[in-house]
Amino acid sequence: MPIINRRLQSASERHRGRASTASTIRNDEPLELPDYEPLSTPLNAEAIRALSQLSTNNKDARKYEEHLRKSLELLSASVRDLNDKYAERQDNLRRLREKRGSGGEKNDRERAEEKAVLALKSDVPRLTDECDLAVRSVIDLKVELEDGKAALQETAQKVESEARARRRRGGEDEDDDMADADIAGPMALLAEAKARAAEDYASRSLYEKYGVNNDYIGFKRLWHDAVHGADGKPLPDASKWFSQNGGEDEADDDDDLIVAEEHLDIHCPLSMAVMQDPYTSTVCKHTFEKDSIVQFLRTKPGGRARCPQTGCNKDVTISDFHPDPVMLRRIKRRLATERDDDDDDDDDEGDGRVDGDGDSEMKIEPGRRIKSEGRGRGRRLVEEIVDDEEVGEA
């Protein structure tokens with residue numbers, strides 16, 4: 004029995020000791036890393052391989068890149084939805100005013116709609132500008148990430164080339180000479196490469212940073228379509244997007260710098276069907292149905308071929324194509340317009356014309372008409388029946 008007590012007591016003490024140790028670890032502050040010390044000897048073969056793998060296969064960089072891509076997508080959708088909602092409320096107010104007429108009195112619904120439009124009139128431009136600045140910031144971060152990856156690859160290549168040069172000179176066996184050699188560490192090489200890239204990017208104009216950037220072009224096209232898609236106003240040339248003070252240049256009266264509104268063909272040049280998932284090339288700006296262009300390029304050697312659009316001589320690959328939400332919006336507007344036109348035609352055909360005997364003419368097809376019995380003739384038939392009955396009774 005005493006032995007068991009001692010064992011229980013020992014176990015209890017051990018548990019108390021573990022809890023105390025864990026508590027001590029949790030309460031301790033994070034240890035600071037020591038100051039970086041430059042290399043005293045070159046990287047060995049294993050370290051060089053690790054550096055090369057880091058420059059080509061960085062999972063954290065891919066996750067960060069995906070977050071940036073998603074941010075651009077959400078910001079573009081926000082600008083689209085903001086301006087779409089503003090245009091929708093404006094249309095609602097216009098219809099209410101037309102329904103009321105010039106001499107009518109405003110009702111509560113119209114007053115509420117006016118209040119909403121007035122609030123959106125001030126909020127939408129401000130929020131759109133904020134999204135515009137946010138998109139530029141995300142593009143800056145994306146460029147910084149791409150430049151960092153390029154700088155890391157450049158650093159890895161330099162380290163590998165220096166290692167090969169030392170092997171050719173037999174430097175790996177000359178330890179005494181290495182002690183006095185000036186070793187260029189990868190951290191210094193990486194910092195220099197990133198600094199050069201950052202300086203080059205900072206020296207670019209707004210047009211050079213964003214006007215030729217595919218992400219910003221897509222954002223700008225979606226923004227413009229949400230504001231001016233219904234009236235068909237063409238998007239100004241990218242050189243007119245920025246003013247000298249960093250904002251957007253609204254002075255786009257120069258007709259030579261206006262992109263003409265091209266004829267809209269909603270059919271895929273390959274399948275000849277109305278496009279439901281349009282994919283546009285960044286090389287030649289031609290659009291196809293996604294499945295059709297993917298299937299077309301898969302049958303070509305190396306996945307490369309001349310653009311199948313008639314008259315185009317550009318070579319394209321599937322990586323040159325991307326989803327085109329602006330084209331999809333334009334297709335939907337065209338289809339909606341065609342449906343409205345068809346409804347109007349049906350209404351016109353349903354408005355029958357009345358002939359001399361009170362019957363109406365209904366148009367069935369061009370050049371052919373039939374008569375329908377009108378109410379007047381029906382009444383005459385009833386009167387004739389009554390007259391015959393009265394004659395029979397007499």
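With the sequence shown counted from 1, adding 3 to any position gets you the numbering used here. A virtual CB, placed ideally from N, CA and C, is assigned to each residue, including glycine.
My output table needs one value for residue i: the three-state DSSP class, helix, strand or coil.
{"i": "A308", "result": "strand"}
{"i": "S206", "result": "coil"}
{"i": "P239", "result": "strand"}
{"i": "F245", "result": "coil"}
{"i": "E40", "result": "coil"}
{"i": "L46", "result": "coil"}
{"i": "A233", "result": "coil"}
{"i": "T59", "result": "helix"}
{"i": "P189", "result": "helix"}
{"i": "N217", "result": "helix"}
Comparing alpha-carbon positions, which option in the options lies nearest residue i?
{"i": "D121", "options": "R92, E149, A50, W244", "result": "According to the sequence displayed, residue 121 carries Leu and not Asp. With distances taken between Cα atoms, L121 lies closest to R92."}
{"i": "R97", "options": "E116, N110, L193, E108", "result": "E116"}
{"i": "T283", "options": "G221, R337, S58, A154", "result": "G221"}
{"i": "L136", "options": "G106, K212, R337", "result": "K212"}
{"i": "L193", "options": "G232, D150, A233", "result": "D150"}
{"i": "S242", "options": "G214, D218, A229", "result": "G214"}
{"i": "A229", "options": "I296, S164, K335, A166", "result": "K335"}
{"i": "L273", "options": "L267, V297, K288, C287", "result": "V297"}
{"i": "T290", "options": "A205, T313, E49, K62", "result": "T313"}
{"i": "N217", "options": "C310, E76, K124, D268", "result": "E76"}
{"i": "V319", "options": "G305, I269, K88, C134", "result": "G305"}
{"i": "R1", "options": "R332, P45, K317", "result": "This structure leaves residue 1 out entirely; the chain is present only between 4 and 397."}
{"i": "F325", "options": "D343, D345, E341, D294", "result": "First, the amino acid is wrong: residue 325 is His here, not Phe. When only C-alpha atoms are compared, the closest one is D294."}
{"i": "Y219", "options": "C287, D203, K145", "result": "K145"}
{"i": "V401", "options": "K288, D234, R332", "result": "The chain is shown only over 4 to 397; residue 401 falls outside these bounds and no answer can be derived."}
{"i": "K73", "options": "I142, G232, T302", "result": "I142"}
Decide if residue i is buried, meaning its Cβ has at least 16 other Cβ atoms within 10 Å, or exposed.
{"i": "M190", "result": "exposed"}
{"i": "E35", "result": "exposed"}
{"i": "E207", "result": "Looking at the sequence shown, residue 207 is not Glu but Arg. Classification of R207: exposed, given that the 10 Å Cβ count is below 16."}
{"i": "S58", "result": "buried"}
{"i": "T285", "result": "exposed"}
{"i": "A339", "result": "exposed"}
{"i": "L238", "result": "buried"}
{"i": "A168", "result": "exposed"}
{"i": "D401", "result": "An answer regarding residue 401 cannot be provided, because it is not within the stretch 4 to 397 covered by the chain."}
{"i": "K66", "result": "exposed"}
{"i": "R52", "result": "exposed"}
{"i": "K109", "result": "exposed"}
{"i": "E40", "result": "exposed"}
{"i": "P33", "result": "exposed"}
{"i": "D327", "result": "buried"}
{"i": "R83", "result": "buried"}
{"i": "K102", "result": "exposed"}
{"i": "P281", "result": "buried"}
{"i": "K223", "result": "buried"}
{"i": "D178", "result": "Residue confidence is low: D178 scores 49 on pLDDT, short of 50, so the model does not pin down where it sits. No coordinate-derived value is stated."}
Which residues does DSSP list as the beta-bridge partners of residue i?
{"i": "Y282", "result": "F291, P326"}
{"i": "V146", "result": "DSSP lists no partner for V146."}
{"i": "V319", "result": "A308"}
{"i": "H270", "result": "V277"}
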